[in-house]
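To start, the structure under review is shown below, and the notes come after it.
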Amino acid sequence: MKKKISKVLILSLCVLLLAGCQKNAETDKDNEEDKKTESLEVEDTEKEDTDEEDPVEDQNGDEQGLADSSDDEQGPKTVTVFAPNENADGFVTVNLEASAVTEGWVTEQLIANGTLPADVQALSCKKTEVDGVTSLDLDMNQAFQKFLQSMGTVGEYVVMGSVTNTFLNAYDCEQVKITVEGQTLATGHAEYPGYMTKFE
């Protein structure tokens, strides 16, 4: 009889502890999101003062240049930023307000939510039209490729999905081609020579 009572008490204690820990984790997550939103608003106002546009040449062939090489989306916009979920089998999203969308701003948000390490940079981002489809040409630095190479296949998939989906949403495009310093992105698990659509 004493064994049954002690088992029930231990089980009850475990349930209470788990419920309490879960509540604290949710509160911590909410606090982190509030802090991120505040810091993003400050960064946006600082970024506005320093951003400059660069001239660009139109591309030949099937692609037509639609904007400059930095392809900044002017004006306030809500951007959905994607990140891998805890199980690395899907995505979580956060909607953020941007006073102006730039490749630097989008990359900073992916770094802030833990999708990318701090040394990753977007070198250029150009909105184009390929065969009637609104497309994005995104060139990343070598640190992006090295980061992907350090991951397993599943990790690579959710990071590529997060980057792809976030940039497609930010620039209102249907497909994106990601290169590394002008070269085809290759990680050891996969090569990404062409355009990619939204990851599900």
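The sequence shown lines up with residues -25 to -1, 1 to 175 when you count with mature numbering (1 follows the signal peptide of the UniProt record, and there is no 0). In this text, a Cβ means the ideal position worked out from N, Cα and C, and glycines have one as well.
DSSP, reduced to helix, strand and coil, places Leu111 within a strand of the structure shown. Here DSSP, grouped into helix, strand and coil, assigns Lys173 to coil. Comparing alpha carbon positions, the residue from Val54, Val151, Phe122 closest to Ala73 is Val54. Residues Phe122 of the same chain have their beta carbon placed closer than 6 Å to that of Pro92, with the five preceding and five following residues left out of the count.
Less than 8 Å divides the Cβ of Val105 from the Cβ of Tyr170. In the structure shown, Ser99 adopts extended strand secondary structure according to DSSP, grouped into three states. Under the rule that a run must span 4 or more residues, the alpha helix (DSSP H) segments found entirely inside the region 66 to 91 read 78 to 87. The Cβ-Cβ distance between Gln150 and Ser110 falls below 8 Å. Taking C-alpha positions only, Ala145 is separated from Gly50 by approximately 12 Å. With respect to Thr90, Ser137 sits close: the two C-beta atoms are nearer than 8 Å. For Ala58, there is no enclosing alpha helix (DSSP H); the residue is part of the beta strand (DSSP E) that begins and ends at 52 to 59. Exposed is the label assigned to Thr159, since fewer than 16 other Cβ atoms lie within 10 Å of its Cβ. For Ala145, the enclosing alpha helix (DSSP H) covers residues 128 to 146. Relative to the Cα of Lys152, the nearest Cα in the group Gln124, Pro168, Asn140, Tyr132 belongs to Pro168.
By the C-beta density criterion, Asn88 is buried, having at least 16 other C-beta atoms within 10 angstroms.
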